[in-house]
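Enquirer:
Right, dumping it as structure tokens:
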């Protein structure tokens with residue numbers, strides 16, 4: 244016995260999306276770039292500390308300062324490890340953001356908000372020019388706005404926008 248109607252799909256209150264909105268993609272790409280740059284800085288510092296990379300000399304008057312430590316100390320390893328860990332964390336946060344984790348959206352909003360406040364405070368205390376203060380808060384402010392769009396909130400809460 245055949246039925247005249249084909250089986251109907253279940254009704255969804257929100258349309259199903261397969262990828263994050265462009266606002267989250269932009270923030271995630273900058274997270275990836277920051278993470279890769281931090282990993283590169285850690286690798287470059289490790290190469291310089293291991294005497295594989297050439298030394299950087301700073302000449303002031305007749306004095307020359309070398310930016311390479313003579314003895315590798317625990318502080319050098321700590322700085323290298325911290326820079327590498329910060330780079331990995333930035334990459335992981337970018338990936339989690341693209342997957343729609345709301346706690347990452349909230350965390351990045353908080354961190355970028357603190358960055359905006361720090362830039363404004365630094366501009367106020369140091370008396371920096373208005374353009375320098377504006378440049379220091381432009382990207383974090385943009386990221387706060389991108390993380391709080393309707394599409395970004397919807398993606399992180401309901402996997403749709």
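Numbering (the numbering used here), first residue to last: 244 to 404.
Ideal Cβ positions, reconstructed from N, Cα and C, are used throughout, including at glycine.
Would you call residue 264 buried or exposed, if buried means 16 or more other Cβ atoms sit within 10 Å of its Cβ?
Expert: The residue is buried, with at least 16 neighbouring Cβ atoms inside 10 Å.
Enquirer: Using the C-alpha atoms, what's the distance from residue 392 back to residue 369?
Expert: Those two C-alpha atoms are separated by around 33 Å.
Enquirer: Pick from 363, 291, 349, 382: whose alpha carbon is nearest that of residue 400?
Expert: If we check each option's Cα against that of residue 400, 349 comes out closest.
Enquirer: Please state whether DSSP places residue 324 in a helix, a strand or coil.
Expert: Three-state DSSP puts residue 324 in a helix.
Enquirer: Kindly list the residues whose CB is nearer than 6 Å to the CB of residue 337, restricted to its own chain and excluding five residues on each side of it in sequence; keep chain order.
Expert: Only 271, 274, 275 meet the Cβ criterion.
Enquirer: From 320, 261, 340, pick the residue whose C-alpha is nearest to that of residue 292; which is it?
Expert: Of 320, 261, 340, the residue nearest in Cα terms is 320.
Enquirer: Nearest to residue 351 by alpha carbon, out of 362, 363, 385, 366?
Expert: Per the Cα distances, 385.
Enquirer: Our contact map puts residue 284 next to residue 326 with C-beta atoms below 8 Å; I'd like the distance itself, whole angstroms only.
Expert: Confirmed, Cβ separation roughly 6 Å.
Enquirer: What number of angstroms, rounded off, separates the C-alpha of residue 376 from the C-alpha of residue 361?
Expert: Cα to Cα, residue 376 sits roughly 10 Å from residue 361.
Enquirer: Let me know if residue 323 comes out buried or exposed under the rule of 16 or more other beta-carbons within 10 Å of its beta-carbon.
Expert: The residue in question, residue 323, is buried, as its Cβ has 16 or more Cβ neighbours within 10 Å.
Enquirer: If distances are taken between C-alpha atoms only, which option among 342, 250, 381 comes closest to residue 268?
Expert: Of the listed residues, the one whose Cα sits closest to residue 268 is 342.
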